[in-house]
């Protein structure tokens with residue numbers, strides 16, 4: 080009996096434990112299974128496409144004085160210099176490489192560039208004993224200082240070999256980033272220009288080279304100046320009440336000069352159209368004395384005062400001819416020329432020379448440097464930049480003297496000095 084009771088108690092305890100465990104499991108929230116991490120494999124990861132970087136075009140560098148340009152020929156093509164000067168009979172075999180067009184400007188640059196680097200310019204002038212060359216040389220230095228670029232200087236003193244040697248040295252030593260040149264011999268400068276081009280050094284010329292490759296040209300508008308001087312002779316004759324009949328003595332250089340054919344072309348075209356009955360007699364040389372002697376010979380022989388006018392193609396011719404006019408008391412002759420210096424302006428003030436056509440050396444010097452620094456900055460520059468000209472007469476000669484020769488005092492002071 081006791082044994083049966085013990086078995087019953089044991090079964091009761093086991094049953095209670097089973098029921099308790101089952102009840103506890105029923106009251107607990109179910110636990111979510113945590114997924115095992117799956118290792119990445121090439122088969123399970125989609126390949127990422129690389130996005131190619133889109134190159135951005137750099138902003139074009141704009142010329143600092145772009146707004147000053149009046150385009151005669153639009154940019155975008157190379158200008159054939161030989162074709163350009165063919166009309167004047169000038170045998171040009173040089174080549175200009177800029178495709179920035181042919182422009183005219185009416186004043187100095189309105190906005191000078193800020194150099195992007197420490198540039199060094201080579202400034203090579205043909206002659207500083209000539210007041211025009213000297214003033215342009217000085218103004219290029221002044222413009223360089225104002226812009227903030229350094230420069231090396233070369234004065235050829237009328238010797239092209241000296242200029243070529245200086246340029247060759249600049250190329251060999253890699254001391255300059257750009258060169259502005261005024262050649263003495265327009266053909267002999269060719270090898271130096273080619274050497275600069277081969278070295279990748281840009282060059283701006285202030286006078287048209289006949290040989291060689293260069294970047295751009297600062298052009299005196301010779302044809303327009305020739306026409307303007309002819310126009311002023313006719314105006315002077317009409318103002319004096321004279322008929323457009325008689326003789327006119329014209330003095331020119333007896334050497335090849337790039338500026339001569341354009342001046343002659345403009346002058347003769349205007350005279351043939353507007354005063355065909357005036358006979359034009361040519362004298363030539365280089366020295367003032369040569370023009371004086373030839374002009375005086377004609378004046379001494381001119382008993383009937385058939386000579387009514389005179390035209391000097393450059394300052395030396397004007398001065399020699401004007402001295403002969405003054406020495407022979409021929410103030411009835413209308414004397415006009417192209418070019419200028421201090422003595423020419425003094426003769427205009429005295430009434431010996433009626434007028435001359437000049438180009439402001441300050442404007443020329445500043446455009447040379449302005450264009451070069453813009454080019455070195457990466458801007459496109461004109462292939463040809465035509466500078467303006469002025470008609471200098473007794474009415475404006477005092478003002479023009481101070482504009483053309485800054486820092487040289489006044490015309491009255493120059494004339495009082497006896498130079």
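Numbering (this note's numbering), first residue to last: 80 to 498.
Beta carbons: idealized from backbone N, C-alpha and C, even for Gly.
Bear in mind the structure is a predicted one, so any value in this text is a computation, not a measurement.
Beta-ladder partner(s) of residue i, from DSSP
i, result
"residue 292", "174"
"residue 231", "201"
"residue 469", "437"
"residue 284", "260 and 296"
"residue 389", "328 and 414"
"residue 252", "Paired residues: none, contrary to the question."
"residue 463", "181 and 296"
Chain-order list of residues whose beta-carbon lies under 6 angstroms from that of residue i (same chain, five-residue window excluded)
i, result
"residue 496", "none"
"residue 330", "362, 370, 391, 396 and 400"
"residue 312", "388, 413 and 415"
"residue 186", "none"
"residue 256", "198, 199 and 455"
"residue 350", "309"
"residue 337", "265, 286 and 287"
"residue 246", "271"
"residue 106", "The pLDDT assigned to residue 106 is 41, lower than 50, so where the model puts this residue is not dependable; a value taken from the coordinates is nonetheless given after this. Same-chain partners within the cutoff: there are none."
"residue 340", "167, 168 and 169"
"residue 393", "418"
"residue 498", "none"
"residue 119", "Unreliable positioning characterises residue 119 in this predicted model, as indicated by a pLDDT of 44, which lies under 50. The coordinate reading is nonetheless provided below. So the list is empty, once near-sequence residues are dropped."
"residue 201", "231, 249, 255 and 258"
Buried versus exposed, by CB contacts within 10 Å (16 or more), residue i
i, result
"residue 474", "exposed"
"residue 189", "exposed"
"residue 156", "exposed"
"residue 165", "exposed"
"residue 335", "exposed"
"residue 429", "exposed"
"residue 426", "buried"
"residue 360", "exposed"
"residue 453", "buried"
"residue 228", "buried"
"residue 150", "exposed"
"residue 317", "exposed"
"residue 319", "exposed"
"residue 141", "exposed"
"residue 322", "exposed"
"residue 354", "buried"
"residue 488", "exposed"
"residue 447", "buried"
"residue 373", "buried"
"residue 380", "exposed"
"residue 203", "buried"
"residue 216", "buried"
"residue 135", "exposed"
Residue i, enclosing alpha helix (DSSP H) - first and last residue
i, result
"residue 222", "210-226"
"residue 452", "440-456"
"residue 270", "269-277"
"residue 419", "Premise fails: residue 419 is in no alpha helix (DSSP H) and is neither H nor E."
"residue 308", "301-318"
"residue 401", "394-406"
"residue 352", "339-353"
"residue 163", "160-164"
"residue 478", "476-483"
"residue 493", "490-495"
"residue 375", "367-380"
Limits of the beta strand (DSSP E) - the one that residue i falls within
i, result
"residue 326", "325-332"
"residue 150", "149-152"
"residue 183", "181-183"
"residue 358", "357-364"
Contact set for residue i: own chain, Cβ-Cβ below 8 angstroms, skip 5 residues either direction
i, result
"residue 315", "388, 413, 415, 433 and 434"
"residue 491", "477"
"residue 449", "143, 144, 188, 191, 192, 222 and 226"
"residue 385", "325 and 326"
"residue 76", "There is no way to answer for residue 76, as the model of the chain reaches only from 80 to 498."
"residue 343", "167, 305, 331 and 392"
"residue 124", "Legend: pLDDT at residue 124 = 48, less than 50; position of this residue unreliable, no value from coordinates given."
Min CB distance residue i to chain D below 8 angstroms
i, result
"residue 451", "No chain D is part of this structure, which consists of one protein chain only."
Close Cβ partners of residue i (< 7 angstroms) along its chain, the five nearest in sequence each way excluded
i, result
"residue 161", "171 and 172"
"residue 409", "378"
"residue 528", "Outside the shown range of the chain (80 to 498) lies residue 528, about which nothing can therefore be said."
"residue 158", "152, 175, 181, 462 and 463"
(message) Within 8 angstroms, do at least three Cβ pairs link the stretch 282-300 to the stretch 165-173?
(response) yes
(request) Could you say if the stretch 303-314 and the stretch 271-285 meet the contact criterion of at least three C-beta pairs nearer than 8 angstroms? (result) Contact between the stretch 303-314 and the stretch 271-285 is not established, with fewer than three Cβ pairs separated by less than 8 angstroms.
(message) Could you check whether the stretch 229-244 touches the stretch 203-220, counting it as contact only if at least three pairs of C-beta atoms, one from each stretch, sit closer than 8 angstroms?
(response) Touching, yes, given that three or more Cβ pairs across the two stretches are closer than 8 angstroms.
(message) Tell me whether the stretch 173-182 and the stretch 402-410 touch, counting them as touching only if at least three CB pairs, one residue from each stretch, are closer than 8 angstroms.
(response) no
(message) Can you confirm whether the stretch 265-281 touches the stretch 436-447 when touching is taken to mean that 3 or more C-beta pairs between the two stretches lie within less than 8 angstroms?
(response) no
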